[in-house]
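Protein chains in written order, with the UniProt record's numbering: chain A, 1 to 549; chain B, 1 to 549. Quick reminder that beta carbons are idealized off the backbone N, C-alpha and C, glycines included. Small disclaimer: the values here were computed from a predicted structure and weren't measured. Single-structure report; data block below.
Protein chains: 2
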Amino acid sequence: MSDLFERHRPMLEAAVQALRTREFWTPFPEVPSGKIYGETARSDGEAAFAALWDAPFAIPGHPEETRLGREESPFGPALGITYPAASAETLIAASQAAAEGLAEAGIEARVGVCLEALVRLNRMSFLIGNATMHTTGQAFAMAFQAGGPHAQDRGLEAVAVAYGEMTRFAGSARWEKPQGKSAPIVLEKNWAVMPTGISLAIGCNTFPTWNSYSGILASLATGNPVIVKPHPSAILPLALTVRVLREVLAEAGLPADAVLLAVDQPGAEITKTLATDPAVRLIDYTGSSGFGDWLRANASQAQIFSEEAGVNTVTIAATDDFDGMCANLAFSLALYSGQMCTAPQNIYIPRGGIETDQGPKTFDKVAAGVASAIESLLSDPARAAGVCGAIANPATLDRVQAARATGRIIRNSAPMGEGRTASPLLLALEDGDETAEQECFGPIAFLIAVADANTGITRASGIARRKGAITAALYDTDEARITRAVRAFAQAGVNLSINLTGNIFVNQSAAFSDFHVTGANPAGNASLTDTAFVASRFRRVMWRRPAAA
Amino acid sequence: MSDLFERHRPMLEAAVQALRTREFWTPFPEVPSGKIYGETARSDGEAAFAALWDAPFAIPGHPEETRLGREESPFGPALGITYPAASAETLIAASQAAAEGLAEAGIEARVGVCLEALVRLNRMSFLIGNATMHTTGQAFAMAFQAGGPHAQDRGLEAVAVAYGEMTRFAGSARWEKPQGKSAPIVLEKNWAVMPTGISLAIGCNTFPTWNSYSGILASLATGNPVIVKPHPSAILPLALTVRVLREVLAEAGLPADAVLLAVDQPGAEITKTLATDPAVRLIDYTGSSGFGDWLRANASQAQIFSEEAGVNTVTIAATDDFDGMCANLAFSLALYSGQMCTAPQNIYIPRGGIETDQGPKTFDKVAAGVASAIESLLSDPARAAGVCGAIANPATLDRVQAARATGRIIRNSAPMGEGRTASPLLLALEDGDETAEQECFGPIAFLIAVADANTGITRASGIARRKGAITAALYDTDEARITRAVRAFAQAGVNLSINLTGNIFVNQSAAFSDFHVTGANPAGNASLTDTAFVASRFRRVMWRRPAAA
Numbered sequence: 001m002s003d004l005f006e007r008h009r010p011m012l013e014a015a016v017q018a019l020r021t022r023e024f025w026t027p028f029p030e031v032p033s034g035k036i037y038g039e040t041a042r043s044d045g046e047a048a049f050a051a052l053w054d055a056p057f058a059i060p061g062h063p064e065e066t067r068l069g070r071e072e073s074p075f076g077p078a079l080g081i082t083y084p085a086a087s088a089e090t091l092i093a094a095s096q097a098a099a100e101g102l103a104e105a106g107i108e109a110r111v112g113v114c115l116e117a118l119v120r121l122n123r124m125s126f127l128i129g130n131a132t133m134h135t136t137g138q139a140f141a142m143a144f145q146a147g148g149p150h151a152q153d154r155g156l157e158a159v160a161v162a163y164g165e166m167t168r169f170a171g172s173a174r175w176e177k178p179q180g181k182s183a184p185i186v187l188e189k190n191w192a193v194m195p196t197g198i199s200l201a202i203g204c205n206t207f208p209t210w211n212s213y214s215g216i217l218a219s220l221a222t223g224n225p226v227i228v229k230p231h232p233s234a235i236l237p238l239a240l241t242v243r244v245l246r247e248v249l250a251e252a253g254l255p256a257d258a259v260l261l262a263v264d265q266p267g268a269e270i271t272k273t274l275a276t277d278p279a280v281r282l283i284d285y286t287g288s289s290g291f292g293d294w295l296r297a298n299a300s301q302a303q304i305f306s307e308e309a310g311v312n313t314v315t316i317a318a319t320d321d322f323d324g325m326c327a328n329l330a331f332s333l334a335l336y337s338g339q340m341c342t343a344p345q346n347i348y349i350p351r352g353g354i355e356t357d358q359g360p361k362t363f364d365k366v367a368a369g370v371a372s373a374i375e376s377l378l379s380d381p382a383r384a385a386g387v388c389g390a391i392a393n394p395a396t397l398d399r400v401q402a403a404r405a406t407g408r409i410i411r412n413s414a415p416m417g418e419g420r421t422a423s424p425l426l427l428a429l430e431d432g433d434e435t436a437e438q439e440c441f442g443p444i445a446f447l448i449a450v451a452d453a454n455t456g457i458t459r460a461s462g463i464a465r466r467k468g469a470i471t472a473a474l475y476d477t478d479e480a481r482i483t484r485a486v487r488a489f490a491q492a493g494v495n496l497s498i499n500l501t502g503n504i505f506v507n508q509s510a511a512f513s514d515f516h517v518t519g520a521n522p523a524g525n526a527s528l529t530d531t532a533f534v535a536s537r538f539r540r541v542m543w544r545r546p547a548a549a
Numbered sequence: 001m002s003d004l005f006e007r008h009r010p011m012l013e014a015a016v017q018a019l020r021t022r023e024f025w026t027p028f029p030e031v032p033s034g035k036i037y038g039e040t041a042r043s044d045g046e047a048a049f050a051a052l053w054d055a056p057f058a059i060p061g062h063p064e065e066t067r068l069g070r071e072e073s074p075f076g077p078a079l080g081i082t083y084p085a086a087s088a089e090t091l092i093a094a095s096q097a098a099a100e101g102l103a104e105a106g107i108e109a110r111v112g113v114c115l116e117a118l119v120r121l122n123r124m125s126f127l128i129g130n131a132t133m134h135t136t137g138q139a140f141a142m143a144f145q146a147g148g149p150h151a152q153d154r155g156l157e158a159v160a161v162a163y164g165e166m167t168r169f170a171g172s173a174r175w176e177k178p179q180g181k182s183a184p185i186v187l188e189k190n191w192a193v194m195p196t197g198i199s200l201a202i203g204c205n206t207f208p209t210w211n212s213y214s215g216i217l218a219s220l221a222t223g224n225p226v227i228v229k230p231h232p233s234a235i236l237p238l239a240l241t242v243r244v245l246r247e248v249l250a251e252a253g254l255p256a257d258a259v260l261l262a263v264d265q266p267g268a269e270i271t272k273t274l275a276t277d278p279a280v281r282l283i284d285y286t287g288s289s290g291f292g293d294w295l296r297a298n299a300s301q302a303q304i305f306s307e308e309a310g311v312n313t314v315t316i317a318a319t320d321d322f323d324g325m326c327a328n329l330a331f332s333l334a335l336y337s338g339q340m341c342t343a344p345q346n347i348y349i350p351r352g353g354i355e356t357d358q359g360p361k362t363f364d365k366v367a368a369g370v371a372s373a374i375e376s377l378l379s380d381p382a383r384a385a386g387v388c389g390a391i392a393n394p395a396t397l398d399r400v401q402a403a404r405a406t407g408r409i410i411r412n413s414a415p416m417g418e419g420r421t422a423s424p425l426l427l428a429l430e431d432g433d434e435t436a437e438q439e440c441f442g443p444i445a446f447l448i449a450v451a452d453a454n455t456g457i458t459r460a461s462g463i464a465r466r467k468g469a470i471t472a473a474l475y476d477t478d479e480a481r482i483t484r485a486v487r488a489f490a491q492a493g494v495n496l497s498i499n500l501t502g503n504i505f506v507n508q509s510a511a512f513s514d515f516h517v518t519g520a521n522p523a524g525n526a527s528l529t530d531t532a533f534v535a536s537r538f539r540r541v542m543w544r545r546p547a548a549a
């Protein structure tokens, strides 16, 4: 059963090493190229995707009491795919029945299954990319990367952290305690890794695989059966994932029901029933803070690993590359129409303007620079569509509409061709405006006039501490102020990107290097992937006895 | 400031190594010998202890609004010691004021302080032993070991696990992402270890230092200021500890108020006020499940690390050393009059008897063998006092009295000389008797007649799963049945000791090797000391920027 483990051991060892050094590493190329994935990979992926439309999605052996599924592509059509569905009770029972087999399989067998499944998912990245595109609204290039290799990276990272932790201490020991002149006491000790219980992964609409793979794979590697509960609008990427995991489990002689899909309908969700079942001991959740609060209050039998809402910020204090800064921010704001948990929202700019390589710039000039960079980025419709994609949830368009009235419009939002789309809305606000005190999810950014750069840093770090934040960015040329800002943002528990220009963006969080979400502010308590994310998913239990003479 | 770290680095590295191998190791000798601790150590410790009686206990610079303290030795006299005391509000404010200095000190400065304090506490082991003896009722030899070197071991273990975790991943990295034919993207990344918040350590009456050092030192090493809340009957050992920690903090230039003592009076406890303060983010708790439930329901702002109640078991299936088994169990039952969280309570014996090296033994013969071994162990009054010590809490005597009526008395409990004492009460019960379904803390054990050995294993593992257990013991000669039992107890999440005879006991849990409490059953969610115990006491926060050319 550890054939798979041996096959993928070099990749695992490289991942463990990368985790330690935090240097760039990935086994899953992010470029959607036929040279890497095979000359026919693109068309094969498209064909495989087309074959899924308007048909029942098969998951062999999966509990099935009915079929559900009403996904609609944000680019237009209904997918017409139905999935096997069962009640929470049936799913819990199937999961429990699989638990012992998964636990008894041992570390290497489980880790081997996880690694093989990730490699197979990687080969399917074009199909996963299409499935991600038409459930989330991401443009294809991003859907390929975020839904495919980058999600696989996060999954592998979690497996590597889990493997490192499960094997951190000896599995057996000869314990020899001196007794002065008498013979020593000698015990044989052995430790078993015992899983915690059923694990529930609650997915989100915008990043169904990227945000869920860490929890799914950390739980599976540590021996906990997983029930995957996708967002009703983004089932397909996780259904494909579940199917692959079950295939590999079965091939390895492990119970396929160690991974189950929990499909439901809007208005008849089974999430709460699943989350409060006494057998569910681990919950990975990505979504609103409101439902996060509900889980904390009601699912107290489970450990909860969450990513929730926050207000990401940019503080513009000064720059020696004004054009580069504006272009970089334009991309960060436009990418997937601001529907990333890492997208900036509040941009603090001194009311009196800033120093730049082009001389002093007033607040309005800075605002105009960002707006103009967005215009330039989106001037070609094909490129605009490729950057912005479509809007996943119709409520986001309502939010854009409502936001228009809340500030001075610097740049208006507009539709952009195919599907449900909206380009970035930029609004100018005065410091203290309550509008900017909440997350306004979607292509909405506030340019906030503050007294000076220090005030901007105070506002940006303060809102991270109070409301949560996953990212913060700073543009500055004053090293002393940068040092103070580093400390302020660290104390607010938010990762800070300084002076990014060119092809690297505050939105981007790279597996094996960047811990995604720190766990140190209200934007979430889980960090992808630190040791705390895996260490309590299992326990060590010992048996000891006198050593044979 | 890292002088202390450098001074103690070899000890730290040896501890980290011992954690990995789980082999026997300690830098703190457990033998209360003048050859080790200095020829005058014993008399010096006694004199230092005598000097503390009937006087105010000084903690220089500690917040003091009043003086409190009414400890009484279980061996008789009132200690007459008062401690500086302050309201929860004052303590929280002082702790918050110390937080930034502790956080900014950095890993090595804090770890150095922890190591130096442990070494100083080790030198004070005779004083700590006396203080432990006269607050817990432990006989001196045990009070020295459990209150001194063994507690210091647990503290060092926690520091080593925390240090290992804080330094597990690189603190900085050069992240270089290839861009095909273009120049790579190169970022400098840095990570700060940011503490979680104020840590509250709620101590217990019976093992004030042993059960508290892990949490106190794990929090301090990871940068969280600690408020130490001793049990009102066992303040002195922790007051001595707090004083030493504060001394070393101050000498290292760190805020002494990073460690505070929270003394209160029975009937006017400040524990709930402290535990529910929004600034308190970590709680280490040893005590009843009832108060554990209260904390979980009311202190939801904090992570709770608990050791609570459980029902420890022995299953006697067979033995090839009947006398050795009985002698071993007699000691486990008598040691500190059953007031250890690891002491056995329910002893399952086949109704039809067992096979032994002395031929078959009926249930009553096995019971008589254990009772007789206790008589033999306690026949010499001085040795009896040295094993049993005194009863910490008068309620335990009431529990013994009430228990007498609940089963057939195999061996009666009796007082044994100086102080509040009670020798072990052994009662015979039938399988299914509800009496044995709860923890009966103190010198009370139930010999429970079950259908056969397998039923005993089922009952013992079952109660561990349902009610919690910290230890389980098994005596058996059938290797196939032992293998099945190993699995059953592992699935119940309880550490199992098999066929212990001689000078090693199920009650004993050795730092650096035995994980104390698994976290996998209701007896507690914290394991001393696994990675989960330290990993969420801090978070990593990054700042990144383009690398200088």
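Which residues of chain A have a Cβ atom closer than 9 Å to the Cβ of residue i, listed in chain order?
{"i": "B:K229", "result": "The contacting residues do not exist; B:K229 stays about 24 Å from chain A at best."}
{"i": "B:S527", "result": "R539, R540"}
{"i": "B:I185", "result": "F24, G502, N503, I504"}
Which residues mark the beginning and the end of the alpha helix (DSSP H) in which residue i is found?
{"i": "B:W175", "result": "From DSSP, B:W175 is part of no alpha helix (DSSP H) but of the beta strand (DSSP E) over 172-179."}
{"i": "A:W210", "result": "210-221"}
{"i": "A:W294", "result": "289-298"}
{"i": "B:V248", "result": "236-251"}
Once DSSP output is grouped into helix, strand and coil, what is the label at residue i?
{"i": "B:V311", "result": "coil"}
{"i": "B:D284", "result": "strand"}
{"i": "A:P350", "result": "strand"}
{"i": "A:G45", "result": "helix"}
{"i": "B:M1", "result": "The predicted model places B:M1 with a pLDDT of 47, which falls under 50 and marks its position as unreliable, so this point remains unresolved."}
{"i": "B:P84", "result": "strand"}
Along chain B, in chain order, which residues have C-beta atoms closer than 8 Å to that of residue i?
{"i": "A:K177", "result": "F24, I504, A510"}
{"i": "A:N495", "result": "V541, M542, W543, R544"}
Considering just the uninterrupted stretch of the beta strand (DSSP E) at residue i, what are its terminal residues?
{"i": "A:Q471", "result": "Strictly speaking, residue 471 of chain A in this sequence is Thr, with Gln absent from that position. 471-475 is the span of the beta strand (DSSP E), which, as asked, contains A:T471."}
{"i": "B:S427", "result": "According to the sequence shown, residue 427 of chain B is Leu rather than Ser. Looking at the DSSP string, the run of the beta strand (DSSP E) that includes B:L427 is 425-430."}
Would the beta-carbon of residue i be found less than 6 Å away from any heavy atom of the ligand NAD?
{"i": "B:V534", "result": "Ligands displayed in this structure: none; no statement on the ligand NAD is therefore possible."}
Please compile the residues from chain B whose C-beta is within a distance smaller than 9 Å of the C-beta of residue i.
{"i": "A:P546", "result": "I498, N499, L500, T501, G502, I504"}
By DSSP's criteria, residue i is part of a beta bridge. Which residues make up the other side?
{"i": "A:Q265", "result": "A:A268"}
{"i": "B:V486", "result": "According to DSSP, B:V486 bridges with nothing at all."}
{"i": "A:T132", "result": "Beta-bridge pairing links A:T132 to no other residue."}
{"i": "A:V182", "result": "First, the residue type needs correcting, since residue 182 of chain A is Ser and not Val in the sequence shown. For A:S182, which the question treats as bridged, DSSP gives the partners A:Q179."}
Note down, in chain order, every chain B residue with its Cβ under 7 Å from the Cβ of residue i.
{"i": "A:S219", "result": "Those within 7 Å of A:S219 in chain B number zero; the least Cβ separation is about 15 Å."}
With a threshold of 7 Å between beta carbons, is residue i in contact with chain D?
{"i": "B:R411", "result": "Here the protein chains are A and B, and chain D is not one of them."}
- Can we say the segment 212-224 of chain A touches the segment 281-288 of chain A, given the rule of at least three CB pairs closer than 8 Å? yes
- Taking one C-beta from the segment 216-234 of chain A and one from the segment 321-339 of chain A each time, how about it: are there three or more such pairs within less than 8 Å? no
- Counting Cβ pairs closer than 8 Å, one from the segment 189-199 of chain B and one from the segment 530-545 of chain B, do we hit at least three? yes
- May I ask you to verify whether the segment 497-505 of chain B touches the segment 114-131 of chain B, counting CB pairs closer than 8 Å and requiring at least 3? no
- May I ask you to verify whether the segment 47-66 of chain A touches the segment 9-28 of chain A, counting CB pairs closer than 8 Å and requiring at least 3? no
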